[in-house]
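Student:
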Amino acid sequence: MNVSLFVTCLGDQFFADACADAVRLLRHVGAEVSFPLAQTCCGQPAYNSGHRDEALRMMKHTVDVFEDADYVVLPSGSCACMMRTLYPELAGSSPEDDPTAAETMRNATRELAARTYELSQFLATVVGVQHLGNGLDGQRVAYHHGCHALRELGVSSEPVALLRGAGARVMEWSADQECCGFGGTFSAKLPEVSAAMADHKLDTLPEVDVVTSADGGCLLQLSGRALRRSSDVPFRHLASLLWQGVTGTAESEGRT
Amino acid sequence: MSGNSSTFRPASYREASARTLRDTPEVRDSVGSATRTFDALRTKAYAEVDSDRWRDWAQDVKAHALTHLDEYLEQAEQSLVANGAHVHWASSADDVHRLLEAIVVEHEVRTVVKAKSMLSEELEVNAHLDTLGVRSVETDLGEYIIQLLGEPPSHIVGPAIHRSLEDCRALFHEELGTPMDADPDELAAAARAALRGDFLAADLGISGGNFVAADTGTIALIENEGNIRLTTSVPRIHVALVGIEKIVPRFEDLAGFLQLTARAATGQPIGLFVSLIQGPRRADEVDGPEEVHVVFVDNGRTALYEDDTAWEALRCVRCGACLNICPVYRQTGGHAYGWTYSGPIGAIIAPGLLGLDRALPLPHASSLCGACVDVCPVRIPIPELLVHWRERTVEEGRNSVGERLAMRSYAELAERPSAFSTAGEALRWTPWRAVGKALPVLSGWMQEREAPTPSPKSFRDLWREGIE
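Residue numbers (the working numbering), protein chains in the order written: chain A, 3 to 258; chain B, 363 to 830.
1. Mark B:Pro372 as exposed unless 16 or more other C-beta atoms lie within 10 angstroms of its C-beta, in which case mark it buried.
2. Evaluate B:Met838 with the Cβ neighbour count: other Cβ atoms within 10 Å of its Cβ, from every protein chain shown; 16 or more gives buried, anything less gives exposed.
3. DSSP state of A:Gly156, grouped into three classes?
4. Could you confirm whether any beta carbon from chain B is found closer than 8 Å to the beta carbon of A:Gly135?
5. Rounded to whole angstroms, what is the Cα-Cα separation between A:Ala18 and A:Phe37?
6. For chain A, is any of its Cβ atoms less than 8 Å away from the one on B:Arg811?
7. Using a Cβ cut-off of 8 Å, which residues of the segment 24-49 of chain A contact any Cβ in chain B, in chain order?
8. Measure the CB-CB distance between B:Gln640 and B:Thr594 and report whether it falls below 8 Å.
9. Just checking: is the beta-carbon of B:Gln693 within a distance shorter than 8 Å of some beta-carbon in chain A?
10. Check whether the Cβ atoms of A:Arg54 and B:Glu753 sit closer than 8 Å, and answer yes or no.
11. From the DSSP secondary-structure annotation, give me the bridge partner or partners of A:Thr118.
12. Does any CB atom of chain A fall closer than 8 Å to the CB of B:Arg752?
13. Name the chain A residues whose beta carbon is nearer than 7 Å to that of B:Trp825?
14. Looking at C-alpha atoms only, which residue of A:Val128, A:Pro208, A:Leu27 is the closest neighbour of A:Ser176?
15. Along the alpha helix (DSSP H) that carries A:Tyr145, what are the first and last residues, could you check?
16. Run through chain B and tell me which residues come within less than 7 Å of A:Pro193, C-beta to C-beta.
17. Taking the alpha helix (DSSP H) that B:Glu537 belongs to, which residues open and close that run?
18. Give the interface partners of B:Tyr772 over in chain A, defined as CB-CB distance under 8 Å, in chain order.
19. Secondary structure at B:Leu494, three-state DSSP: helix, strand or coil?
20. For B:Leu724 and A:Ser51, I'd like the C-alpha separation in whole angstroms.
21. Along the segment 142-160 of chain A, where does the CB come closer than 8 Å to a CB of chain B? Name the residues.
22. Would you report the Cα separation of A:Arg112 and A:Ala93, rounded to the nearest angstrom?
23. Between B:Ala576 and B:Ile609, is the Cβ-Cβ spacing less than 8 Å?
24. Under 7 Å Cβ to Cβ from B:Tyr375, same chain only, skipping five residues before and after it: list those, please.
25. Can you pull the chain A neighbours of B:Gly732, defined as C-beta to C-beta under 8 Å?
26. Got a sec: which bits of the segment 225-238 of chain A sit with their beta carbon under 9 Å from any beta carbon on chain B, in order along the chain?
27. Locate the alpha helix (DSSP H) running through B:Val443, then write down its first and last residues.
28. Starting from B:Asn686, trace the alpha helix (DSSP H) both ways and give me its first and last residue.
29. Name the residues in the segment 588-614 of chain B whose C-beta lies less than 8 Å from a C-beta of chain A; which are they?
30. A:Leu229 lies in the alpha helix (DSSP H); which residues open and close that run?
31. Contact defined as beta carbons within less than 8 Å: I believe B:Leu730 pairs with B:Leu748. What is the distance between those atoms, to the nearest angstrom?
32. Span of the alpha helix (DSSP H) holding B:Ser392?
33. Give me whichever residues DSSP pairs with B:Val604 in a beta bridge.
34. Is it the case that the Cβ atoms of B:Ile523 and B:Gly695 are separated by a distance below 8 Å?
35. Quick one: residues in its chain with C-beta nearer than 6 Å to the C-beta of B:Ser379, no 5 flanking neighbours on either side, listed in chain order?
36. Using a beta-carbon distance below 8 Å, is A:Leu243 in contact with chain B?
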């Protein structure tokens with residue numbers, strides 16, 4: 003099984019270790035992992051803030067980069083959603099001078115969407131993994147559901163089941179499905195409300211050993227706010243935690 | 363007072379929301395707990411029925427009514443006139459003000475009782491009546507509370523949602539002489555007693571309208587307190603202010619909408635009172651007004667209607683479900699939005715009703731989490747419409763030059779992988795903690811959070827070195 007890893011711009015710079023853990027996980031379940039070096043950004047920051055032309059350019063670039071991939075796997079629910087849900091929409095509603103080229107792009111985005119997966123979604127639904135190891139035995143974990151993974155991709159039970167399968171105790175958290183307040187440029191445009199949203203998540207957080215999520219953006223938001231509030235709860239990307247599930251030891255440091 | 367000189371200030375959203383969070387943190391507690399309660403009730407009420415199918419149906423009926431709006435509005439007018447009601451068309455708040463003035467002068471109206479109507483808030487009816495020397499009394503308990511406080515509503519369904527029981531106790535103690543430890547029933551009884559005199563004294567009752575069935579000319583009103591029933595039946599004259607988008611084709615459509623709206627709004631199977639008004643008191647009837655005026659109001663709705671994307675927002679039934687589940691709304695309540703309609707629905711209709719220039723930055727007041735879509739009874743694709751208005755903002759050049767340049771450069775970099783990774787490298791080695799506060803995007807981030815620490819090496823480098 004050939005998997006092309008799209009680490010995303012945030013993953014490349016801020017979650018490099020977690021992306022390496024994603025490679026280890028994919029290899030562990032038997033995948034041949036490639037990393038197309040021409041990959042950059044999926045374009046979601048531009049799309050969400052209304053810069054459609056720029057989003058289209060980044061979409062076209064990404065479609066080209068992953069044209070030949072059997073599977074595209076991302077350690078991010080949000081960027082996976084951009085490719086699975088929003089690319090076909092973006093391509094479908096953007097008239098071009100050349101109708102043939104437009105039709106080709108629409109087909110290309112639809113095909114790419116069907117081959118694209120968030121990491122835990124890929125492990126659970128395509129590979130069919132239920133049990134990775136017991137390396138998280140007894141760990142109390144809070145799982146934050148990123149909005150795009152949860153609502154657009156419908157990924158909610160998969161990451162939780164994988165964590166539990168590795169022995170973690172995924173704790174009840176009343177706000178686990180409520181937005182953390184990241185929202186890309188939203189977090190910088192309206193920082194006060196965005197921070198209040200993170201505060202609600204943190205205020206309701208149960209006693210845990212680690213907080214995790216499939217999305218780096220959410221983790222930066224929550225950990226950055228927690229740090230500002232002088233909280234010492236560790237935050238780690240789902241990929242790293244799942245790899246710890248396999249090995250029993252943390253390959254990388256948490257983000258605190 | 364004209365619509366354009368109004369007190370609406372969406373432009374101050376950021377300052378107002380920051381101020382609410384900083385100066386009145388108890389608002390966040392009241393709004394947070396009330397909205398989470400409302401949403402839990404809605405979840406339960408949706409689960410009791412085949413709500414997915416109901417919502418599909420409601421979406422279809424509303425979409426059909428809107429795509430044949432001219433026909434149904436004419437039919438509604440004919441039906442209402444045949445029932446003996448007067449029908450008026452108002453294109454703006456000024457039109458409504460003039461019409462009310464004429465009625466008030468002709469009938470020498472001194473006191474108006476009002477049934478909860480968001481449209482009347484949008485049209486700033488009370489302020490206008492005040493300039494005419496007419497006393498208007500809000501009769502919905504929540505509206506009554508905020509009228510005493512001199513505040514606008516902060517929620518479509520629960521106008522006083524930002525206020526705690528303690529606030530209400532103190533207010534009623536001062537205004538109505540109730541004890542400081544009065545329970546909610548005592549408070550409601552005191553308001554009821556005070557309002558009874560106003561109902562009897564009023565010459566005019568003003569209501570909104572949740573739905574208008576075109577075939578029979580039926581105005582449908584949902585409530586829980588009985589004050590709408592009294593407002594529309596005790597005074598000699600009843601004026602119903604209705605947005606042109608409130609049309610449904612058939613009387614029997616009301617059965618579905620009345621139930622679905624109540625489930626979405628408060629988790630009830632149906633409102634405790636439903637009034638179906640077709641015209642003035644008939645010869646064989648004991649109760650009811652002598653005159654009924656139905657005012658179909660545009661006030662910017664046509665601008666929404668003509669937008670191929672944004673028109674979907676006109677399906678809205680004003681249930682408030684999107685406010686209740688919205689994590690952004692939950693932090694501040696509605697006042698920060700600076701306009702009648704707050705939360706997700708407010709942010710997508712404001713650019714139509716007020717104009718995009720006056721509505722900004724409301725379309726940006728969302729993390730696009732999508733929770734609202736899951737609860738909307740008429741399935742308005744709210745995040746898509748938010749992005750639509752953000753795109754219009756860019757197209758019309760209403761965003762900052764800095765943002766435009768940044769996005770353009772970012773897209774250019776993203777098409778050139780080697781430049782992109784070099785830029786990423788440079789960013790990773792920028793001492794953000796030191797310089798971030800001087801940078802446009804990062805300063806917003808760092809105001810409330812610690813700057814993120816980049817990985818020691820990019821993944822690209824780790825890959826080149828080989829991952830074991």
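Each residue gets a CB set at the ideal place from its N, CA and C atoms; glycine is no exception.
Remember, predicted model here, so these are calculated numbers, not experimental data.
Tutor: Working from what's here:
1. buried
2. Past the boundaries of the shown model lies residue 838 of chain B; chain B is included only from 363 to 830, so the question cannot be answered.
3. coil
4. no
5. 13 Å
6. yes
7. Val25, Arg26, Phe37, Leu39, Ala40, Gln41, Thr42, Cys43, Gly45, Pro47, Ala48, Tyr49
8. no
9. yes
10. yes
11. A:Val74
12. yes
13. Phe37
14. A:Pro208
15. Looking at the DSSP string, A:Tyr145 is not in any alpha helix (DSSP H); the run it does join, the beta strand (DSSP E), is 142-146.
16. Gly806, Trp807, Gln809, Glu810
17. 527-538
18. Cys43, Pro47, Ala48, Glu56
19. coil
20. 13 Å
21. Cys149, His150, Arg153, Glu154
22. 9 Å
23. yes
24. Ala698, Tyr699, Gly700, Pro723, Leu724, Ala727
25. Cys149, His150, Arg153, Glu154
26. Ser225, Gly226, Arg227, Ala228, Leu229, Arg230
27. 431-444
28. 683-687
29. none
30. 218-230
31. 6 Å
32. 387-409
33. B:Phe658
34. yes
35. Thr694, Ala698
36. no
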